[in-house]
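Each remark here refers to the structure printed beneath this line.
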Amino acid sequence: MRRHIRLSAEESARRGRGARRLKALAVPLSVLLLAEVGVTAGTAVADGTQGKKVSDTAQTPARDGAAEAPDEASARAAAVAQERQVEVLGARTENTTLWANPDGTMTQETHAGPVRFRKGTTWSAIDVDLERAEDGSVRARSHPRGLELAGRTGAAGGDLVTLGGGAHEVSLGWQGALPEPVLKGNKATYVDVRPATDLVVEATRTGFEQYLVVKDRSAADAAAAITLPLTAKGLNATQNADHSVTFTDVKTEKTVGRLPAPVMWDASRNKQGLAATNRAAVGLEVEGQGQDLELRLTPDRKFLADKDTKFPVTIDPAVFFGTNFDTAVRDGVTEDLSASIDLPVGREYGKQAARSFVHFPRNFVVSGKEILNAELNLYAVWSDSCEPRSWELWDTGLTSASTRWSNQPAWRSKAATSTETLGHSPACGSQWVQTDVTGLVKEWATADRAENAIGIRATDEADTTAYKIFASGDAPANGPSMLVTYEVPADPVKDHVTYWNDVLQASYRQIGGAPGPLARAGAMMHGAVYDAANSAQCAQGAAKCLGDPYLVKVATSGELPDINSAIDHAAFDVLRSVYPQLNFDQELADARATIPAGVTSAQRAAGTSVGQQAAAAMLQDRQNDGATSNTAYTPSTAPGQWRPTGSGSAATPGWGLVKPFGLTSGSQFRPKSLPTLAGGSDVLKSAEYARQVNQVKSLGKSDSTQRTADQTRAALFWANDLDGTYKPPGQLFEFTQTVSRDRGLSVTANAKLFALTAFSMADAGVVAWDAKYRTDLDLWRPESAVRLDGDGNAATTVDPNWQPLSQDRNGQHFSPPFPAYVSGHATFGGAWAKAMEQWFATDQVTFTATTEDPNAVGVTRTFSSFSAAANENAVGRVWLGVHYDWDGTEGVSSGAAAAGYIAANKVKSNTAATWVAYETLKNLGGCDALGKKLVAEHRWSTYRCERVTTANTDHALSVK
2 MRRHIRLSAE ESARRGRGAR RLKALAVPLS VLLLAEVGVT AGTAVADGTQ
52 GKKVSDTAQT PARDGAAEAP DEASARAAAV AQERQVEVLG ARTENTTLWA
102 NPDGTMTQET HAGPVRFRKG TTWSAIDVDL ERAEDGSVRA RSHPRGLELA
152 GRTGAAGGDL VTLGGGAHEV SLGWQGALPE PVLKGNKATY VDVRPATDLV
202 VEATRTGFEQ YLVVKDRSAA DAAAAITLPL TAKGLNATQN ADHSVTFTDV
252 KTEKTVGRLP APVMWDASRN KQGLAATNRA AVGLEVEGQG QDLELRLTPD
302 RKFLADKDTK FPVTIDPAVF FGTNFDTAVR DGVTEDLSAS IDLPVGREYG
352 KQAARSFVHF PRNFVVSGKE ILNAELNLYA VWSDSCEPRS WELWDTGLTS
402 ASTRWSNQPA WRSKAATSTE TLGHSPACGS QWVQTDVTGL VKEWATADRA
452 ENAIGIRATD EADTTAYKIF ASGDAPANGP SMLVTYEVPA DPVKDHVTYW
502 NDVLQASYRQ IGGAPGPLAR AGAMMHGAVY DAANSAQCAQ GAAKCLGDPY
552 LVKVATSGEL PDINSAIDHA AFDVLRSVYP QLNFDQELAD ARATIPAGVT
602 SAQRAAGTSV GQQAAAAMLQ DRQNDGATSN TAYTPSTAPG QWRPTGSGSA
652 ATPGWGLVKP FGLTSGSQFR PKSLPTLAGG SDVLKSAEYA RQVNQVKSLG
702 KSDSTQRTAD QTRAALFWAN DLDGTYKPPG QLFEFTQTVS RDRGLSVTAN
752 AKLFALTAFS MADAGVVAWD AKYRTDLDLW RPESAVRLDG DGNAATTVDP
802 NWQPLSQDRN GQHFSPPFPA YVSGHATFGG AWAKAMEQWF ATDQVTFTAT
852 TEDPNAVGVT RTFSSFSAAA NENAVGRVWL GVHYDWDGTE GVSSGAAAAG
902 YIAANKVKSN TAATWVAYET LKNLGGCDAL GKKLVAEHRW STYRCERVTT
952 ANTDHALSVK
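In terms of our numbering, the sequence shown opens at residue 2 and continues consecutively.
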């Protein structure tokens with residue numbers, strides 16, 4: 002009957018806009034209908050497609066072929082497995098997108114306006130390009146509010162624009178005949194609706210903007226009074242003291258929209274070339290009751306008549322309905338600027354300083370999370386020069402439509418400073434500016450505020466060359482955005498590599514015996530796991546490989562193989578072959594149960610096949626490797642030669658002949674000979690031999706008074722010689738898990754790291770047993786050297802009652818049943834330390850280690866480096882009374898040499914003569930993070946991040 006392997010509870014628990022400014026006079030009338038009036042919407046941030054026209058943005062279900070998953074757990078698993086961002090479909094809203102990242106973190110983007118809308122049961126990409134309907138009207142191709150424009154009308158006119166529907170609908174009318182509109186993209190132009198006056202309507206993501214283009218002075222008198230019918234179902238309109246208008250829902254009485262006091266400007270430019278700087282006020286009266294209203298606009302007659310006014314002139318009564326909010330204030334200006342498509346910053350030539358504010362609602366997805374990175378994305382529309390000029394981001398209080406220069410909110414703390422200056426000319430054209438605001442968002446994540454605000458201002462508000470304009474959230478595209486990356490708690494069984502390492506260690510406890518065969522099993526399992534994981538990654542493209550295969554790169558076709566299924570079956574098949582007396586069926590079932598439901602059956606099947614083939618390759622390679630050889634060994638009674646000490650006959654005497662995993666032979670890094678170390682051919686009579694015997698006799702004695710309490714704890718901590726423990730290879734595997742968790746390594750990193758450490762320790766065992774049994778002197782244990790006479794050395798004395806500190810569960814003292822030189826513990830430890838140093842590119846890593854030796858229950862030890870642990874492991878064998886000093890020092894040296902060779906020659910990084918395209922990521926921070934990860938995981942040697950285009954924030958990651 003096969004025994005079942007079960008993990009203990011403890012083990013399981015480890016478990017576009019600048020060009021528009023140059024055009025003729027326009028009267029923008031922006032109408033956006035959002036949540037409070039019955040249509041859902043969200044808030045503000047970039048989706049990596051800024052700068053494209055709205056219909057091209059990342060409102061599509063998957064950007065650039067990006068992966069998707071139904072829920073966060075599935076997305077996180079797929080992101081790690083596929084080394085790419087995976088969108089969480091279930092977390093989509095009109096204006097937010099949530100991604101799982103390859104490093105286990107999550108990233109959320111929040112946009113200033115909607116980028117998609119729900120159409121029935123699916124999300125539909127917004128496309129605001131206009132097209133004619135069969136009835137002659139004009140519609141946006143795919144609009145969240147069903148935007149509809151008039152075609153040709155009769156003399157009476159009628160509804161010009163209709164937005165929304167049902168109980169909540171806004172219609173803006175036009176009095177008079179409308180010609181057939183000229184359509185171009187998202188713009189409809191009604192030519193000469195009045196003498197020398199065009200009417201233009203532009204569709205936006207949430208509504209529309211309407212412009213009157215008064216083309217020359219002959220039309221000035223006709224433009225001196227404008228009446229626009231407005232039907233607003235379910236809304237009340239209230240005019241404020243500053244001539245602005247507030248719209249509230251008739252049922253909830255919540256404010257849902259506003260009509261700022263309108264303004265007008267001419268076509269002149271200031272000294273720096275900025276348009277729309279010569280402005281004047283426009284009178285506004287709202288007349289009517291209920292839902293049928295009229296907007297009566299009275300432009301400034303003196304401005305229109307002034308000989309210095311340059312036509313065309315823009316008259317701007319903007320209406321905005323929405324939940325997002327940003328505004329600006331300017332010294333000396335009393336107008337509400339909250340509906341402007343601009344966020345001005347600094348002192349404009351000929352005017353006073355301006356500051357801007359952007360609101361971001363509290364994001365419950367990131368609230369309370371550990372924020373790793375946050376970037377504010379602003380689209381630079383204009384700058385007065387190309388010379389870098391400093392501007393600042395601040396945490397401020399909230400603003401409203403009544404905020405002016407004289408009553409600004411508190412400027413609490415400065416969050417960031419930038420000198421990015423863009424938008425003046427082709428030399429520094431309009432593009433996205435990304436600014437790190439991690440510290441600020443960390444504060445927001447812990448603050449109990451429903452809404453937060455960022456203030457933007459120039460560092461020197463007297464410098465007119467520092468003036469800038471960014472796109473506001475009311476702009477047709479490219480509104481402010483926030484990209485936040487945060488940490489999430491680890492899944493209980495997130496990493497299938499460490500899960501199977503725990504199963505391996507549980508097997509060690511049941512199998513017991515000498516450490517060499519245990520290390521071989523670990524190398525076989527982790528080698529197969531590496532090849533399986535590597536093959537699953539390679540299926541995504543050669544650039545995604547973890548590196549060179551160890552034995553095989555399994556070819557795949559069809560569905561991408563699930564990496565966890567590949568790991569599970571590679572480990573399972575190897576373990577049940579190596580240990581047929583044990584049953585791993587439940588371990589496999591438990592592992593499979595943790596694979597997210599979003600992984601399809603086809604992907605699981607493909608992963609299973611990959612894992613099985615990787616395991617088969619390993620099992621085939623290890624046939625006839627010498628591990629089952631029954632090499633005979635006849636102990637000697639000659640002085641100095643090893644003989645049994647009561648703990649059993651010689652264990653695995655032929656292990657030095659086993660085929661290594663990375664070395665050419667067990668003797669490749671054979672340690673120095675004992676005569677060399679002793680300084681002469683007669684080792685037993687040498688002074689060095691006497692020194693080492695007397696050292697262990699004193700420090701390693703069971704009741705030594707020379708050994709300190711800490712040395713005793715260390716000696717027992719490192720022992721793990723008894724069956725029922727995880728033995729030396731298991732202890733070092735456990736250390737590997739500890740450091741991996743501390744460093745937050747991914748499953749792909751662990752696949753390669755554990756293969757490297759496993760190969761190193763397995764070959765260290767072969768090297769150590771080659772030295773123990775296949776050299777001229779199979780050195781006796783200190784127990785024999787101290788108790789028996791005959792070494793011929795006058796500097797040593799016999800103590801027939803001497804016992805080592807080493808003891809079993811019953812307090813019986815013993816020495817392990819194989820020769821002393823070299824120490825297996827020390828060779829394993831030296832190999833492990835060098836492998837870890839090679840992986841992490843430093844020896845200086847602090848970690849806290851544990852033990853399973855029954856005589857050191859609960860003891861932990863903290864080390865500041867891998868080598869410090871290896872060296873204490875080695876000298877601890879002296880304190881335990883079972884080894885000499887040179888057993889440890891030479892063991893560490895030989896193990897380190899073996900590991901260094903394996904690291905240089907096995908499971909190497911990918912290489913390429915030229916740069917290889919790897920992935921396109923949404924920002925420089927994400928690109929850098931993934932590039933560093935690939936280098937740290939020895940996937941590639943170097944990387945670079947290049948901005949794809951100034952039209953968005955995407956960065957292309959290349960490797961070689």
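Every residue gets a Cβ at the ideal spot worked out from N, C-alpha and C, and that includes glycine.
Rounded distance between the beta-carbons of residue j and residue i, thought under 8 Å
i: residue 344; j: residue 317; result: About 16 Å; that fails the 8 Å criterion.
i: residue 357; j: residue 367; result: The Cβ separation is near 24 Å, so there is no contact.
i: residue 1; j: residue 754; result: Shown here, the chain extends from 2 to 961; a query on residue 1 therefore has no answer.
i: residue 615; j: residue 522; result: The Cβ separation is near 16 Å, so there is no contact.
i: residue 169; j: residue 234; result: 6 Å
Contacts around residue i, its chain only, beta-carbon distance under 7 Å, and the 5 residues preceding and following it disregarded
i: residue 623; result: 525
i: residue 192; result: 180, 183 and 199
i: residue 673; result: 891
i: residue 805; result: 701, 703, 783, 784, 814, 816, 881, 882 and 883
i: residue 497; result: 565, 568, 569, 592 and 748
Cβ-heavy atom distance, residue i to the ligand SAH, below 7 Å
i: residue 232; result: The ligand SAH is not among the ligands present in this structure, which contains no ligands whatsoever.
Cα-Cα separation between residue i and residue j, rounded to whole angstroms
i: residue 576; j: residue 620; result: 10 Å
i: residue 185; j: residue 440; result: 44 Å
i: residue 957; j: residue 888; result: 52 Å
i: residue 137; j: residue 149; result: 11 Å
i: residue 918; j: residue 700; result: 59 Å
i: residue 1; j: residue 263; result: Because the chain here runs from 2 to 961, residue 1 falls outside it and cannot be looked at.
i: residue 97; j: residue 236; result: 28 Å
i: residue 436; j: residue 916; result: 28 Å
i: residue 34; j: residue 546; result: Low per-residue confidence applies at residue 34: pLDDT is 39, beneath 50, and the placement is therefore not dependable, though the value from the model is reported in the following sentence. Going from the Cα of residue 34 to the Cα of residue 546 covers about 49 Å.
i: residue 410; j: residue 330; result: 11 Å
i: residue 593; j: residue 370; result: 29 Å
i: residue 61; j: residue 557; result: With a pLDDT of 28 at residue 61, under the threshold of 50, the modelled position of that residue is not reliable, and no figure is offered here.
i: residue 760; j: residue 530; result: 12 Å
i: residue 706; j: residue 713; result: 11 Å
Cβ neighbours of residue i in the same chain (closer than 8 Å, five flanking residues each side left out)
i: residue 25; result: Reliability fails at residue 25, whose pLDDT of 34 lies under 50, so the model's placement of it is uncertain and no value is given.
i: residue 519; result: 509, 512, 728, 730 and 731
i: residue 428; result: 387
Per DSSP, the bridge partner or partners of residue i
i: residue 472; result: 343
i: residue 283; result: 300
i: residue 947; result: 957
i: residue 200; result: 191 and 213
i: residue 87; result: 68 and 101
i: residue 265; result: 281 and 316
i: residue 125; result: 118
Proximal residues to residue i (C-beta, below 6 Å), its chain only, five neighbours per side dropped
i: residue 403; result: none
i: residue 350; result: 271, 272, 273 and 465
i: residue 342; result: 473, 475 and 476
i: residue 421; result: 434
i: residue 945; result: 959
i: residue 455; result: 359 and 394
i: residue 738; result: 499
i: residue 634; result: 651 and 654
i: residue 572; result: 501, 526 and 530
Q: Examine the Cβ distances between the segment 449 to 464 and the segment 391 to 403 and report whether three or more of them are shorter than 8 Å.
A: A contact is defined here as three or more CB-CB pairs under 8 Å, and the segment 449 to 464 meets this definition with respect to the segment 391 to 403.
Q | Touching by the beta-carbon criterion (3+ pairs, under 8 Å), the segment 603 to 618 and the segment 526 to 541 | A | Judged by Cβ distances under 8 Å, the segment 603 to 618 makes contact with the segment 526 to 541, as three or more pairs qualify.
Q: Check whether the segment 811 to 820 touches the segment 775 to 782, counting contact only when three or more Cβ pairs, one atom from each stretch, lie closer than 8 Å.
A: yes
(Q) With three or more C-beta pairs closer than 8 Å as the rule, is the segment 873 to 885 touching the segment 841 to 858? (A) no
Q: Answer yes if the segment 740 to 754 comes into contact with the segment 892 to 906, meaning at least three C-beta pairs across the two stretches below 8 Å, and no otherwise.
A: In short, these stretches do not touch, since the Cβ pair count stays below three.
Q | Meets three-Cβ-pair contact criterion under 8 Å: the segment 857 to 865 and the segment 791 to 801 | A | no
Q: Evaluate contact between the segment 827 to 840 and the segment 681 to 701, counting only Cβ atoms and requiring at least three cross-stretch pairs below 8 Å.
A: no
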